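Novice:
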Ligand SMILES: NC(=O)c1ccc[n+]([C@@H]2O[C@H](COP(=O)([O-])OP(=O)(O)OC[C@H]3O[C@@H](n4cnc5c(N)ncnc54)[C@H](OP(=O)(O)O)[C@@H]3O)[C@@H](O)[C@H]2O)c1
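Residue numbers (the working numbering): 10 to 239.
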């Protein structure tokens, strides 16, 4: 069975990712910052023998490398770089705080790059060889007509740049790297006004993943498969 590694699986999109991958019969490696409080994910892992959970604070590069080392004999088919933040004190001009801005950059941009670096060999050993950077339409520079959301937009635009470089650098190893927008989804981050459920978003994204080939590497896609402007 193929294996998916997903970060940030204790709630929101990550939780739905592990549910759907598990139901589809995949082996699932999920990571949570605080495993002890990941009640729903742990409940899933208790009843589904194909889900394994590991603690991972994605801003800790040593922890990323230790996890990669611990899993060194495990081929990974899909690496889903899902963990993300909307750092509240770094979105509005006049209220920007350096620490919050740097947190957004660390979680949303630096950590995905370090994860790709650490899991490169695992991906090369997998069959599907797919990396998904969980981006956002808010990271589209071309689509930014409203301003604001400084650290979120900047960190997701920078993630898109990471995706582009990795797509190019890993092409020779047959590894495909894409940036995905999951839609505006009903999660803690998306809020109550969001238009789609996690089920619809993940179902859509997983269908998109299934259709991707090496020629799609470096694309920025929505959950419905449409291309998004950089
Ligand atoms: N929801 C939307 O409408 C939407 C739209 C576009 C893009 N996205 C992107 O989709 C991804 C998932 O979003 P979501 O809506 O599911 O968000 P969410 O409900 O806020 O969940 C975020 C997840 O990321 C984890 N995380 C945050 N900082 C972390 C860290 N330092 N180390 C490890 N894990 C960390 C959280 O863990 P804790 O519980 O420990 O904080 C949580 O599991 C994010 O990258 C987000 O930017 C979401």
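Just so it is clear, CB atoms sit at the ideal spot from N, CA and C, and this is done for glycine as well.
Every value quoted in this text rests on a predicted model; they were computed, and no experiment measured them.
What do you reckon, is the C-beta of residue 66 under 7 Å from a heavy atom of ligand 1?
Specialist: Here residue 66 refers to the residue found at position 57 when the chain shown is read from its first residue. Yes, the beta carbon of residue 66 sits closer than 7 Å to at least one heavy atom of ligand 1.
Novice: Under 8 Å Cβ to Cβ from residue 10, same chain only, skipping five residues before and after it: list those, please.
Specialist: Indexing the chain shown from 1 puts residue 10 at position 1. Closer than 8 Å at Cβ, skipping near neighbours: 34, 35, 36 and 59.
Novice: Could you give the C-beta distance for residue 176 and residue 186, rounded to a whole number, given that I count them as a contact under 8 Å?
Specialist: Indexing the chain shown from 1 puts residue 176 at position 167. Indexing the chain shown from 1 puts residue 186 at position 177. Right, the Cβ-Cβ distance comes to about 4 Å (below 8 Å), so this counts as a contact.
Novice: Tell me whether the beta-carbon of residue 95 lies closer than 8 Å to the beta-carbon of residue 159.
Specialist: As a working mapping, residue 95 is identified with position 86 in the chain shown. As a working mapping, residue 159 is identified with position 150 in the chain shown. Their beta carbons are not under 8 Å apart, which means residue 95 does not touch residue 159 by this criterion.
Novice: Could you spell out where the beta strand (DSSP E) holding residue 39 opens and where it closes?
Specialist: By one-based count along the chain shown, residue 39 stands at place 30. Per DSSP, residue 39 belongs to the beta strand (DSSP E) from 36-41.
Novice: Would the beta-carbon of residue 44 fall within 8 Å of that of residue 28?
Specialist: Counted from its first residue, the chain shown places residue 44 at position 35. Counted from its first residue, the chain shown places residue 28 at position 19. Not in contact: residue 44 and residue 28 (Cβ atoms no closer than 8 Å).
Novice: What does the Cβ neighbour count give for residue 48, buried or exposed, with the cut at 16 atoms within 10 Å?
Specialist: Mapped onto the chain shown, residue 48 falls at position 39. Counting Cβ neighbours within 10 Å, residue 48 comes out exposed, since fewer than 16 surround it.
Novice: Identify which residue in 192, 105, 85 and 178 has its Cα closest to the Cα of residue 209.
Specialist: For the purposes of this step, residue 209 is identified with residue 200 of the chain shown, where counting begins at 1. Cα-wise, what sits closest to residue 209 is 192.
Novice: Could you tell me which of 194, 157 and 232 sits nearest to residue 214, measuring between CA atoms?
Specialist: Within the chain shown, the letter at position 205 stands for residue 214. Selected option, being the one with the closest Cα: 232.
Novice: Assign residue 121 to one of three DSSP states: helix, strand, or coil.
Specialist: Reading the chain shown from its first residue, position 112 is the one you call residue 121. Helix at residue 121.
Novice: To the nearest angstrom, how far is it from the Cα of residue 288 to the Cα of residue 124?
Specialist: In the structure as shown, the chain begins at 10 and stops at 239. Residue 288 is therefore absent and cannot be evaluated.
Novice: Determine which residues share a DSSP beta bridge with residue 64 and list them.
Specialist: Taking the first residue of the chain shown as 1, we reach residue 64 at position 55. The partner list for residue 64 (beta bridge, DSSP) reads 41.
Novice: Would you kindly report the start and end of the unbroken alpha helix (DSSP H) that includes residue 110?
Specialist: For this step, residue 110 is matched to residue 101 along the chain shown. Note, residue 110: alpha helix (DSSP H), 107-114.
Novice: If you drop the 5 nearest sequence neighbours on each side, which residues of the same chain put their C-beta closer than 6 Å to that of residue 61?
Specialist: Here the question's residue 61 lines up with position 52 in the chain shown. Hits under 6 Å: 38.
Novice: Candidates 57, 23, 17 and 30: which alpha carbon is nearest residue 65's?
Specialist: As a position in the chain shown, residue 65 is number 56, starting the count at 1. Ranking the options by Cα distance to residue 65, first place goes to 17.
Novice: Please determine whether the Cβ atom of residue 224 lies at a distance below 7 Å from any heavy atom of ligand 1.
Specialist: By one-based count along the chain shown, residue 224 stands at place 215. No; taking the cut-off as 7 Å, the Cβ of residue 224 has no heavy atom of ligand 1 nearer than that.
Novice: Buried or exposed for residue 109, please, with buried defined as at least 16 other CB atoms from any protein chain shown within 10 angstroms of its CB.
Specialist: The sequence position of residue 109 within the chain shown is 100, counting from 1. It counts as buried.
Novice: Can you tell me whether residue 6 sits near ligand 1, meaning its C-beta is under 7 Å from at least one heavy atom of the ligand?
Specialist: With the chain covering only 10 through 239, there is no way to say anything about residue 6.
Novice: Would you mind reading off the limits of the beta strand (DSSP E) that contains residue 1?
Specialist: With the chain covering 10 to 239 only, the question about residue 1 has no answer from this structure.
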